[in-house]
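Here this note's numbering is used: the first residue of the sequence shown is 288, the next is one more, and so on. I have placed the structure first, in the form of structure tokens, so that the comments after it can refer back to it.
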Amino acid sequence: MIKHRIIIVGIFSLVITLISPFVFYSYFETQPKILNQQLSFGGPFPYAEQTITLPAGEELYPLEIKFESPFERETKFNIIPFILSFVCFFLFFFAIYSIIARFFKGKPVKEPQ
Numbered sequence: 288m289i290k291h292r293i294i295i296v297g298i299f300s301l302v303i304t305l306i307s308p309f310v311f312y313s314y315f316e317t318q319p320k321i322l323n324q325q326l327s328f329g330g331p332f333p334y335a336e337q338t339i340t341l342p343a344g345e346e347l348y349p350l351e352i353k354f355e356s357p358f359e360r361e362t363k364f365n366i367i368p369f370i371l372s373f374v375c376f377f378l379f380f381f382a383i384y385s386i387i388a389r390f391f392k393g394k395p396v397k398e399p400q
């Protein structure tokens, strides 16, 4: 039973970790001095890095940069932040899953007489 829960939550956490760079964007309020930036994406620990050339016009800012697919742009993956993100998501979802499962499948508590 516990093995089944761990596998389900592990797969779900892995999927959420892999999708996270597409959810968390990079944001620039003003134009930076260096227009060629290496941006990190992902969450809660950014693990995917892409090199982006920002536009030169002041009127284009504030600017929100979205993660592009690794098939379209060269992407560097850092393994330690990826593992930390996966563990954070796994612990969070396992706790939520355990609480909900206990709530619906819990045994009634016997009152002392």
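Note that the Cβ used here is the ideal one computed from N, Cα and C, for glycine as well.
Using only the alpha-carbon positions, how far apart do residue i and residue j sit?
i, j, result
"P364", "F381", "The question names Pro, but residue 364 in the sequence shown is Phe. Near 25 Å, if we compare the C-alpha coordinates of F381 and F364."
"E355", "Y384", "32 Å"
"F373", "P399", "43 Å"
"I295", "N323", "41 Å"
"E359", "K392", "46 Å"
"V302", "P308", "11 Å"
Opposite residue i in the DSSP bridges: which residues?
i, result
"E351", "Y314"
"N323", "T340"
Report the residue from the options whose alpha carbon sits nearest the alpha carbon of residue i.
i, options, result
"Y348", "P333, F315, G329", "F315"
"I321", "F369, E359, A343, P368", "A343"
"I297", "F379, K397, E361", "The sequence given here has Gly at residue 297, not Ile. Comparing Cα-Cα distances from G297 to each of F379, K397, E361, the minimum goes to F379."
What distance in whole Å lies between the Cβ atoms of residue j and residue i, which are believed to be in contact at a cut-off of 8 Å?
i, j, result
"Q318", "E345", "5 Å"
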